[in-house]
Amino acid sequence: MLSVENLKVVYRGVILALDGVSLEVGEGEAVALLGPNGAGKSSLVRAMAGLLPKFEGRVLDGKVRLFGQEATHLDPVRISQMGLTAVLEGRPLFRYLTPVENLVAAGHRLPPRELKEGMEEVFARFPRLYERRREQAGYLSGGEQQMLLLGMALLTRPRLLVVDEPSLGLAPKLVEEVMRTLDALRREKGLSLLLVEQTPGPPSASWTGCTCWSGAAWSSRGAPRRPWRTRT
Ligand SMILES: Nc1ncnc2c1ncn2[C@@H]1O[C@H](COP(=O)(O)OP(=O)(O)OP(=O)(O)O)[C@@H](O)[C@H]1O
Ligand SMILES: [Mg+2]
Numbered sequence: 027m028l029s030v031e032n033l034k035v036v037y038r039g040v041i042l043a044l045d046g047v048s049l050e051v052g053e054g055e056a057v058a059l060l061g062p063n064g065a066g067k068s069s070l071v072r073a074m075a076g077l078l079p080k081f082e083g084r085v086l087d088g089k090v091r092l093f094g095q096e097a098t099h100l101d102p103v104r105i106s107q108m109g110l111t112a113v114l115e116g117r118p119l120f121r122y123l124t125p126v127e128n129l130v131a132a133g134h135r136l137p138p139r140e141l142k143e144g145m146e147e148v149f150a151r152f153p154r155l156y157e158r159r160r161e162q163a164g165y166l167s168g169g170e171q172q173m174l175l176l177g178m179a180l181l182t183r184p185r186l187l188v189v190d191e192p193s194l195g196l197a198p199k200l201v202e203e204v205m206r207t208l209d210a211l212r213r214e215k216g217l218s219l220l221l222v223e224q225t226p227g228p229p230s231a232s233w234t235g236c237t238c239w240s241g242a243a244w245s246s247r248g249a250p251r252r253p254w255r256t257r258t
């Protein structure tokens with residue numbers, strides 16, 4: 027459903043961020059993309075989501091194929107319509123708006139009835155979010171913000187969800203919770219997942235495949251063995 031072939035990415039025409047990375051995510055799979063700071067993980071996410079131009083970057087060579095179609099240079103709206111939703115790093119949400127308003131913004135393409143049902147589903151899945159639904163999103167805890175972002179992503183009805191470092195800055199218990207939620211979404215909704223992280227995370231993170239930075243190049247392999255450490 028997603029295949030990336032020998033992708034090269036540059037910023038401002040000269041800064042080479044990715045030099046030949048390939049990976050595949052099949053239907054219903056959860057694939058981990060593991061690498062240390064600066065390995066190029068977020069650049070790959072931006073490339074897949076069509077967002078590189080917003081960061082003064084572009085794909086220099088290689089291919090992205092989504093759901094059987096060439097998607098290398100498509101714009102973000104088209105890619106989202108095809109079924110890929112990316113949750114970017116740094117918890118990008120509207121901090122001065124409430125969770126309800128953030129969810130409405132994320133689901134603005136849905137007919138009102140579907141939006142209402144979708145929001146009810148999100149609140150049923152994340153009861154803590156429901157309790158805090160009328161507060162400013164910027165005042166939610168890191169874990170609650172992550173849940174809100176996942177809820178927003180669900181309202182875009184993705185077939186493939188790409189999440190960039192969801193565990194960043196979270197306590198181990200919350201990381202467990204986020205991983206369990208993602209796994210439940212995969213099983214219950216038949217979503218495919220590409221999870222970007224620095225390490226494989228807790229046992230609740232069950233990967234079916236892995237692409238990791240091995241010090242000089244990206245390599246693909248089966249599920250990572252534990253314990254596993256990032257090698258630089
Ligand atoms: N907008 C940009 N303009 C110029 N260079 C950039 C830009 N974004 C990223 N880079 C460079 O591209 C390389 C890869 O960065 P990227 O953010 O993709 O790494 P990362 O693996 O996501 O790191 P982190 O774990 O810190 O999030 C780095 O050398 C970085 O400095
Ligand atoms: Mg990053």
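Per our numbering, residue 27 is the first one in the sequence shown, and the count goes up by one each step.
By construction, the Cβ of each residue, glycine as well, lies at the ideal position given by its N, Cα and C atoms.
From a predicted model like this one, the values you see are computed outputs, not experimental measurements.
Could you give the C-beta distance for residue i and residue j, rounded to a whole number, given that I count them as a contact under 8 Å?
| i | j | result |
| --- | --- | --- |
| R158 | E170 | 6 Å |
| L221 | V189 | 6 Å |
| W233 | V57 | 7 Å |
| L181 | V148 | 7 Å |
| E31 | G88 | 5 Å |
First and last residue of the alpha helix (DSSP H) that includes residue i?
| i | result |
| --- | --- |
| N128 | P125 to A132 |
| R213 | P198 to K215 |
| Y270 | Given a span of 27 to 258 for the chain in the structure shown, any question on residue 270 remains unanswerable. |
| A65 | Counting along the chain, A65 falls outside any alpha helix (DSSP H), and DSSP gives it neither H nor E. |
| A179 | G168 to L180 |
Considering only the alpha carbon of each residue, which of the options lies closest to residue i?
| i | options | result |
| --- | --- | --- |
| R185 | G116, E214 and F120 | E214 |
| G83 | G248, Y122 and A43 | A43 |
| Q259 | A75, V85 and F81 | Residue 259 is absent from the model: the chain starts at 27 and stops at 258. |
| R151 | A132, R117 and A210 | A210 |
| E8 | Q162, D45, V35 and M27 | In the structure as shown, the chain starts at 27 and stops at 258, and residue 8 therefore has no counterpart that could be examined. |
| G109 | D101, R121, F93 and L119 | F93 |
| L219 | P192, L200, A242 and G241 | P192 |
| Q95 | M27, T237, C236 and A242 | M27 |
In whole angstroms, give me the CA-to-CA distance for residue i and residue j.
| i | j | result |
| --- | --- | --- |
| A73 | G54 | 22 Å |
| Q172 | M178 | 10 Å |
| V103 | T207 | 26 Å |
| S29 | P198 | 31 Å |
| K67 | W239 | 9 Å |
| R38 | E115 | 21 Å |
| L78 | T98 | 11 Å |
| E202 | L194 | 12 Å |
| R212 | V113 | 15 Å |
| V51 | L100 | 19 Å |
| D45 | G64 | 13 Å |
Is the beta carbon of residue j closer than 7 Å to that of residue i?
| i | j | result |
| --- | --- | --- |
| E223 | L60 | yes |
| L175 | P125 | no |
| L196 | G227 | no |
| L166 | M145 | no |
| L272 | L141 | No information on residue 272 is available, as it lies outside the stretch 27 to 258 that the chain covers here. |
| V35 | S69 | yes |
| R117 | G164 | no |
Would you give the residue range spanned by the beta strand (DSSP E) that residue i belongs to?
| i | result |
| --- | --- |
| S48 | I41 to V51 |
| S218 | S218 to E223 |
| P117 | First, the residue type needs correcting, since residue 117 is Arg and not Pro in the sequence shown. Where R117 is concerned, there is no enclosing beta strand (DSSP E), given that its DSSP letter is neither H nor E. |
Any C-beta of chain C sitting closer than 7 Å to the C-beta of residue i?
| i | result |
| --- | --- |
| Q162 | Of the protein chains in the structure, only one exists, and it is not chain C. |
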